[in-house]
Amino acid sequence: MIDLFAYLLMIIALLFMAFGVIGLFRFKDFYSRILISSKIETVGFLTAMIAFTILSGISFAAMKILLITLLVMITNPLSTHAIARSAFLSGYTIDQETGP
Amino acid sequence: MTFLEATLFVIAIYIALVLVRVILGPTIWDRLLGLNAISAKIIMSIIILSLITNQPYLLDVALVYALLGFIGTVLIARFIEKKETSHD
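So the sequences go chain by chain: A and B.
Note that our numbering has the first sequence beginning at 1, numbered continuously upward.
Note that our numbering has the second sequence beginning at 1, numbered continuously upward.
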């Protein structure tokens, strides 16, 4: 029963990640893409990690998975912010966008 | 094929799709964004592999990969800062 709940959470996480991948192709300019990538990837990662914690039960591995979750929850928005800051300080604006 | 192996397969398809974005991204920041997304998905894949084969030491590999991926992304982002924008 509890495994079934974890599988349901895992399917929801895969759906979130699918939205992130679709948004990486659908949006036209860079800042929209970095917004969708940051938010959706972090939410999908958190949901998948909760599912893995439920699947591994109460053990030492579950604490390690929670530690990885805490680490990624801090570092993933930070690295996305570093990329956006680098693009902005280098003078990259939406008007210069020529890509598809 | 169990559920976790099917999940690993779907995540591999996502990595291939993001790799297309990395290859044809117009600027270098799009490629860096794809690298960041692929890094998060690879951490998830290592944890699924640890659950399938029931070997908890693979979680340490995932932890080190998360730290090194963050340091690498921030270093590359700081390195290409204030350089001229390239459209190729």
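Note that the Cβ used here is the ideal one computed from N, Cα and C, for glycine as well.
- Remark: C-beta atoms of B/Ile48 and B/Val61 do not approach each other more closely than 7 angstroms.
- Using beta-carbon distances, A/Ala6 does not count as an interface residue toward chain B, since no partner is under 7 angstroms.
- B/Glu5 is outside the set of residues whose beta carbon lies under 7 angstroms from a beta carbon in chain A.
- Listed in chain order, the positions of the segment 4-26 of chain B with a beta carbon within less than 7 angstroms of a beta carbon of chain A are Thr7, Val10, Tyr14, Leu17, Val18, Arg21, Pro26.
- A Cβ-Cβ contact shorter than 7 angstroms links A/Ser86 with B/Glu81.
- Here B/Asn36 really is in contact with A/Thr80; their C-beta atoms are around 7 angstroms apart, less than 8 angstroms.
- Contact between A/Gly57 and A/Ala13 is ruled out by a C-beta separation of about 19 angstroms, above the 8 angstroms threshold.
- At a cut-off of 7 angstroms between C-beta atoms, A/Ala61 counts as an interface residue with respect to chain B.
- Among the residues facing chain A, B/Thr53 is not included, as its CB has no counterpart in that chain under 7 angstroms away.
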